[in-house]
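Our numbering applies: residue 1 is where the sequence shown begins, and numbers increase by one. For every residue, glycine included, the Cβ atom is placed at its ideal position computed from N, Cα and C. What you are looking at is a predicted structure, and each value in this text was computed from that prediction instead of being measured. Here the structure comes first, spelled out in structure tokens, and everything after it is commentary.
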Amino acid sequence: MNNESKMRVACVYINAGKGHYIPAKAIGDALHAIGVEAVMVDYFSLLGAKRFDAFNQRVWRVQLRFPLIERIVNRGADHSRFISWVLPKLEWLFFGRTVTAYFEEEHWDAMICTHYMPSMILPTFLKRLGRDIPIFSYASDVFFTPLQGLHPDLAAFYISTKEGADHVVKAGFPEERTKLRAFPIQSSCAGAEKLTKEAAREKLGLKEVFTVLINLGGEGIGTIALINALERQGTEVQVVLVGGVHKRAKKRLLEQAKLCRSVTVRTAGFVDNIYDYLYACDVVVGKAGINAMLEAISLRRPFLVTTVYYTVADAASYVVKYGIGWFERKAVQQAEIIRACIEDPALLDGMDSNFDGVPIRFGADEIARDVVKTVQAIRSKMEEEPGPSGYLR
């Protein structure tokens, strides 16, 4: 441990939407609550790689808009040993000096990564620098993780579903360091005041009618074709849009909303109180974004998945398997599902009881305590058996 009395832990994320940031922030908040100095660290800032960061975000946005391309590219990359061999070498070649200077300036007792890239590369960098800093990894994709991030020198690999843990062990990562832990949901949701649908709708100024929450995600990636399909059906329903809505798209949406007779459209945009909107809705609709899905599950709201990506394809299967949602790509069929729920309330009543059987726990406390305990155990072992890098051996 460093010379200070307080343990310092870096929560390392990649700036690609909120999918990796939110778990890192939740873990950081939980660490802070137990007396650890937890600092959020943008991986590309650590490297001093602003251009690479910008390029990565452009590629990510293209993949979000074209899921088929995303699945082809990421499936190929995930099974490429060449990438896991060459990428650390290239990053060291371009950013080695910056990384060396960074670790001379910053002294961490541990680092926890919520994206496979730093999980794959930082252990190699630290070994090269002769630094004994335990690296932990959390699988933000929950049901799956890219194989590239399973570096053999990770102190522990955390994941929140048994299906995901089985995938990790099957890939060859040591079972004793594969740890099934609660999903680190953001603290605002974990501590949210529980509301009835009626109370939540009154609080948000929404109508007392069947409500569909469409989550467009941080980048506004999604489709509003469902609104058109519901309108053509003549279904009386309230649709609330949360997440990114670009100005041009919002203008078209507002114009379209004026023409709707049976569908009431409310555009909320980015909100800090997503839990209020979840309590107010009957069904959540959106792409298979893990944070959106898990937040809905935590508050027992069925999720209608409209789009899947390679790393989260298993998420759609999961909601269907446990009877807490649906997976349907076509807007017409999505509208049929909504109409069926409106016409037969027993469908949602049955789904509500299904949430009792979902084996996912919520909260970042488990991971925070485990990181501290593991670091303390590693340090004690190193004091008893001092040696060069390779504290896990």
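Exposure of residue i, with buried meaning 16 or more beta-carbon neighbours within 10 Å
{"i": "SER298", "result": "buried"}
{"i": "ASP272", "result": "exposed"}
{"i": "GLU105", "result": "exposed"}
{"i": "PRO359", "result": "exposed"}
{"i": "ARG232", "result": "exposed"}
{"i": "SER84", "result": "buried"}
{"i": "VAL9", "result": "buried"}
{"i": "VAL62", "result": "exposed"}
{"i": "GLU384", "result": "exposed"}
{"i": "ASP356", "result": "exposed"}
{"i": "SER380", "result": "exposed"}
{"i": "VAL417", "result": "The requested residue 417 does not occur in the structure, where the chain is confined to residues 1 to 393."}
{"i": "HIS403", "result": "What the structure shows of the chain is the stretch from 1 to 393, and residue 403 is not part of that stretch, so it cannot be assessed."}
{"i": "GLN376", "result": "exposed"}
{"i": "LYS456", "result": "Outside the modelled stretch of the chain, which goes from 1 to 393, sits residue 456, for which no answer is possible."}
{"i": "THR196", "result": "exposed"}
{"i": "ARG301", "result": "buried"}
{"i": "ILE34", "result": "exposed"}
{"i": "ARG393", "result": "At ARG393, the pLDDT of 36 sits below 50, so the modelled position is not reliable and the matter cannot be decided from this model."}
{"i": "LEU206", "result": "buried"}
{"i": "VAL12", "result": "buried"}
{"i": "PHE173", "result": "buried"}
{"i": "ALA346", "result": "exposed"}
{"i": "MET7", "result": "buried"}
{"i": "PHE303", "result": "buried"}
{"i": "LEU150", "result": "buried"}
{"i": "GLY130", "result": "exposed"}
{"i": "ALA54", "result": "exposed"}
{"i": "VAL36", "result": "buried"}
{"i": "VAL284", "result": "buried"}
Residue closest to residue i, alpha-carbon to alpha-carbon, out of the options
{"i": "GLY286", "options": "CYS260, ALA280, LYS330, LEU259", "result": "LYS330"}
{"i": "GLY269", "options": "ASP276, ALA280, VAL240", "result": "VAL240"}
{"i": "VAL371", "options": "ASN291, ALA24, CYS260", "result": "ALA24"}
{"i": "LYS194", "options": "ASP314, TYR279, VAL284", "result": "TYR279"}
{"i": "ARG75", "options": "ALA49, TRP92, THR100, PRO146", "result": "PRO146"}
{"i": "ILE224", "options": "VAL86, GLY350, VAL332", "result": "VAL332"}
{"i": "CYS189", "options": "TYR275, ALA315, PHE144", "result": "TYR275"}
{"i": "LEU294", "options": "GLU176, VAL9, ASN215", "result": "ASN215"}
{"i": "TYR102", "options": "VAL86, VAL41, ALA30, ILE378", "result": "VAL41"}
{"i": "LEU90", "options": "LEU68, ILE121, ARG71, MET111", "result": "ILE121"}
{"i": "ARG201", "options": "TYR318, TYR277, ALA368", "result": "TYR277"}
{"i": "PHE52", "options": "ARG71, ASN15, PHE66", "result": "ASN15"}
{"i": "LEU259", "options": "LEU347, GLY325, MET7, ASN228", "result": "ASN228"}
{"i": "VAL305", "options": "ASP314, ASN291, ASN56, GLU328", "result": "GLU328"}
{"i": "LEU348", "options": "TRP326, ARG131, GLY205", "result": "TRP326"}
{"i": "ALA110", "options": "PRO88, PHE125, LYS127, ILE133", "result": "ILE133"}
{"i": "ILE337", "options": "ASP282, GLN256, GLY28, TYR43", "result": "ASP282"}
{"i": "PHE93", "options": "PHE66, PHE125, ILE378, TYR13", "result": "Looking at the sequence itself, residue 93 is Leu, so the reference to Phe does not match. For the residues PHE66, PHE125, ILE378, TYR13, the minimum Cα distance to LEU93 belongs to PHE125."}
{"i": "LYS18", "options": "PHE303, VAL86, ASN291", "result": "ASN291"}
{"i": "VAL212", "options": "THR267, VAL168, LYS203", "result": "THR267"}
{"i": "LEU230", "options": "GLN334, GLU175, LEU68", "result": "GLN334"}
{"i": "PRO88", "options": "LYS127, ILE378, ARG131, VAL284", "result": "LYS127"}
{"i": "VAL242", "options": "HIS167, GLY217, GLN256", "result": "GLY217"}
{"i": "GLN148", "options": "PHE303, HIS32, LEU226, HIS167", "result": "HIS167"}
{"i": "ASN56", "options": "TYR43, LEU68, GLU175", "result": "TYR43"}
{"i": "THR374", "options": "GLU198, VAL312, GLU176", "result": "GLU176"}
{"i": "LEU226", "options": "ALA199, GLU198, GLU208, GLN256", "result": "GLN256"}
{"i": "VAL312", "options": "TYR322, GLY289, ALA30, ILE324", "result": "GLY289"}
Nearest-angstrom beta carbon gap, residue j and residue i [assumed within contact, 8 angstroms]
{"i": "ALA165", "j": "THR178", "result": "5 angstroms"}
{"i": "VAL308", "j": "ALA296", "result": "Contact flag wrong, Cβ pair sits at about 16 angstroms."}
{"i": "PHE210", "j": "ASP314", "result": "That pair is no contact at about 29 angstroms."}
{"i": "ILE159", "j": "ALA368", "result": "Contact flag wrong, Cβ pair sits at about 16 angstroms."}
{"i": "PRO123", "j": "ILE112", "result": "Contact doesn't hold; Cβ gap of about 12 angstroms is too wide."}
{"i": "ARG71", "j": "TYR310", "result": "4 angstroms"}
{"i": "LEU180", "j": "LYS162", "result": "6 angstroms"}
Residue-level contact to chain C via CB, residue i, 8 angstroms cutoff
{"i": "LEU68", "result": "This model lacks chain C altogether; it includes just one protein chain."}
Cβ contact check for the region 174-188 and the region 360-367: 3 or more pairs under 8 angstroms
yes
Are the region 93-107 and the region 43-59 touching, with three or more C-beta to C-beta distances below 8 angstroms?
yes
Are the region 258-266 and the region 148-157 touching by the rule of at least three beta carbon pairs closer than 8 angstroms?
no
Is the number of C-beta pairs between the region 116-123 and the region 336-353 that are closer than 8 angstroms three or more?
no
Taking contact to mean 3 or more Cβ pairs, one atom from each stretch, closer than 8 angstroms, check whether the region 18-38 and the region 133-141 are in contact.
yes
Would the region 334-350 count as touching the region 226-243 if we require 3 or more Cβ pairs under 8 angstroms?
yes
Entirely enclosed beta strand (DSSP E) segments - the region 73-157, minimum 3 residues:
110-113, 135-138
Entirely within the region 179-239 and at least 4 residues each: give me those alpha helix (DSSP H) ranges in chain order.
187-190, 197-204, 225-233
Length-filtered (3 minimum) beta strand (DSSP E) runs lying within the region 252-330:
263-269, 283-286, 303-305, 325-327
Unbroken alpha helix (DSSP H) runs of length 4 or more, entirely within the region 21-72: which are they?
21-33, 43-47, 50-65
Entirely enclosed alpha helix (DSSP H) segments - the region 354-386, minimum 4 residues:
365-384
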